[in-house]
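Everything on this sheet refers to the single structure shown next.
Written out as structure tokens, the structure is:
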């Protein structure tokens with residue numbers, strides 16, 4: 001099984017996927033780091049929660065943390081990270097007697113827990129799951145950002161037209177609502193398709209949804225670049 005786990009991780013590893021180990025026991029940090037190194041995963045070790053918090057920002061990868069740390073318990077650390085909009089997957093390591101704490105940590109935002117003692121296979125499988133979650137999140141973020149950048153290229157008037165198009169209105173109704181001619185609406189729609197690279201209205205709607213623009217409907221006059229925080 002270890003070979004299959006190594007193969008899986010080796011086939012899917014990304015250069016930015018560093019694993020951050022937080023544990024006050026140096027021997028455990030060393031063992032976990034060596035295990036990760038055996039499958040070519042780079043890791044960083046921290047003896048306290050404070051060390052980790054001071055070492056940021058952290059981009060890509062995941063966090064492996066003991067539920068009991070000398071300066072902050074795992075639940076508090078998870079809550080602190082989530083309040084800071086830290087979105088890397090967190091794997092909580094716990095002893096058998098601390099399962100309840102691990103469950104509470106998951107409710108606070110950790111994605112999974114690992115109960116001691118555990119095998120290398122189990123450890124690498126859990127890490128692989130965390131990295132898969134992070135890769136999926138990163139893909140979604142990239143798609144959202146790409147969609148947002150395309151939509152933010154529209155002018156204020158084009159943004160208004162797009163919102164009405166997404167809302168299902170026909171050119172005649174859009175022209176009436178905005179006080180412009182149908183021909184002008186058609187020109188704006190052509191520009192929208194050209195700037196966004198969308199081939200169909202369905203593509204535009206999908207791009208709109210991916211960019212998370214639903215909340216912007218409350219103010220149809222707001223340029224998309226402003227609504228997106230560009």
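Residue numbers (UniProt numbering): 1 to 230. Built from N, CA and C at the ideal position, the CB exists for glycine as well.
In this structure, the straight-line span from the alpha carbon of residue 174 to that of residue 164 is close to 7 Å. In terms of Cβ geometry, residue 49 and residue 88 do not form a close pair [threshold 8 Å]. Here residue 128 is buried. Its C-beta has 16 or more other C-beta atoms within 10 Å. DSSP links residue 94 through a beta bridge to 115. Contact between the stretch 129-143 and the stretch 178-186 is absent, with fewer than three C-beta pairs closer than 8 Å. A check of alpha carbon separations from residue 102 across 84, 183, 192 and 79 identifies 79 as the nearest.
The closest CA to that of residue 73, considering only 119, 108 and 203, is found on 108.
Here DSSP, grouped into helix, strand and coil, assigns residue 26 to helix. Proximity to residue 211 across 26, 67 and 141 peaks at 141, based on C-alpha coordinates. Assigned with DSSP and collapsed to three states, residue 72 falls in coil, not helix or strand. Judged by their CB atoms, residue 22 and residue 69 are nearer to each other than the 8 Å cut-off. Separation of the CB atoms of residue 42 and residue 18 is rounded to 5 Å, and the pair is thereby assigned contact status at 8 Å.
DSSP places residue 64 in no alpha helix (DSSP H) but in the uninterrupted beta strand (DSSP E) bounded by 62-66.
Each of 113, 193, 135 and 106 was checked against the Cα of residue 154, and the nearest Cα belongs to 193. Around the C-beta of residue 64, 16 or more other C-beta atoms lie within 10 Å, and the residue is accordingly described as buried. The continuous beta strand (DSSP E) containing residue 45 extends over residues 43-46. About 5 Å separates the Cβ atoms of residue 188 and residue 158, confirming a contact at the 8 Å cut-off. Taking C-alpha positions only, residue 167 is separated from residue 146 by approximately 22 Å. The three-state reading of DSSP puts residue 59 in coil, since its state is none of H, G, I, E or B.
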